[in-house]
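Numbering follows the working numbering, with no gaps: position 165 of the sequence shown is 174.
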Amino acid sequence: MSRGMNHFIFVVYSNAVAILILFALSFIIHSEISETCYHIALAIKVEVEDLERAGITVIQIDEAALREGLPLRMSEQASYLEWAVHSFRITNCSVEDTTQIHTHMCYSNFNDIIHSIINMNADVITIKNSRSDEKRLSVFREGVKYGAGIGPGVYDIHSPMIPSIEEIADRINKMLAVLETDILWVNPDCGLKTRKYTEVKPALSNMVAAAKLLCTQLASAK
């Protein structure tokens, strides 16, 4: 694996929290879901350690489906969030400080569980954002301090439209009105498997150009 593979690579796994989605569609004869998730987390932990030994220094553990498994009863939510977050932390508890752990959240309204997300202790979290008009970032506008990196999607990967450099730069500027420059990551909404290569390449090129443009402008403003 270490031969021919770039050391800066995202490796996507379904983590111990995301297994909650499978529980809803499976017949699991077990009274304690949290215990089962802990076992799955330990299995993923072994895979993460294997990746690290292969020289990979950026690993995405995807997807932390906290919202999808959240109990409807308010009285049960705190306990659920505690063991769900613990499951995620088990998956990467043994990595070196030099290994960067990413995670991703799709379409979830996470504002009311932001403190649990912070407790996940991931280095970077990417979120679907392009269709929400930055509404999902309102929690940061309200004063929540998120010290890790955050990458709100700058363009919609479900659309065949190729965003211009100007459109992406405008979106980044809106994010910078809410987020600190040192924690903002610039990335698409999610995976690119729904798009053709002829759509992906110019879209990503424009995204990189927009990011470089903003970096130059910010450097000049100092």
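Idealized CB from N, CA, C, for every residue including glycine.
When burial is assigned at 16 or more other CB atoms within 10 Å of the CB, is H48 buried or exposed?
Along the sequence shown, one-based indexing puts residue 48 at 39. H48 sits exposed, since fewer than 16 C-beta atoms from the chains shown fall within 10 Å of its C-beta.
- Message: For N196, list the residues DSSP reports as bridge partners.
- Response: Here residue 196 corresponds to residue number 187 of the sequence shown, with the count starting at 1. Note: N196 sits in a beta bridge opposite G162.
Going by DSSP in three states, I65 sits in which element: helix, strand or coil?
Position 56 of the sequence shown, counted from the start, is the residue given in the question as residue 65. Correct three-state label for I65: coil.
Original post:
Can you name the start and end residues of the beta strand (DSSP E) that T207 belongs to?
Top reply: Here residue 207 refers to the residue found at position 198 of the sequence shown. No beta strand (DSSP E) holds T207; the alpha helix (DSSP H) holding it covers 206–230.
- Task: Determine the DSSP secondary structure at I99, reduced to helix, strand or coil.
- Result: Taking the sequence shown and counting its residues from 1, the one referred to as residue 99 is at position 90. Helix.
Whether G158 touches L193 by CB criterion (9 Å): As a first step, residue 158 is located in the sequence shown; it is residue number 149 there, counting from the start. As a first step, residue 193 is located in the sequence shown; it is residue number 184 there, counting from the start. Cβ atoms of G158 and L193: closer than 9 Å.
Thinking I166 and G200 are a contact (beta carbons under 8 Å), I'd like their distance in whole angstroms, please.
Working through the sequence shown from its first residue, we reach residue 166 at position 157. Working through the sequence shown from its first residue, we reach residue 200 at position 191. With a Cβ gap of about 7 Å, I166 and G200 count as contacting.
Fill in: Between the CA atoms of H95 and Q109 - distance to the nearest angstrom
Taking the first residue of the sequence shown as 1, we reach residue 109 at position 100. Taking the first residue of the sequence shown as 1, we reach residue 95 at position 86. In a straight line, the C-alpha of Q109 is about 18 Å away from that of H95.
Note to self: I'd like to know whether the C-beta atoms of V148 and N120 end up nearer to each other than 9 Å.
What the structure shows: The residue you call residue 148 lines up with position 139 of the sequence shown. The residue you call residue 120 lines up with position 111 of the sequence shown. Yes; because the gap between Cβ atoms is below 9 Å, this pair is in contact.
By the DSSP assignment, the alpha helix (DSSP H) with I123 in it spans what residues? Within the sequence shown, numbered from 1, the residue matching residue 123 stands at position 114. I123 -> alpha helix (DSSP H) spans 123–128.
Exercise. Identify the continuous beta strand (DSSP E) that holds M170 and give its terminal residues.
Key: Translated into positions along the sequence shown, residue 170 becomes position 161. Where M170 is concerned, there is no enclosing beta strand (DSSP E), given that its DSSP letter is neither H nor E.
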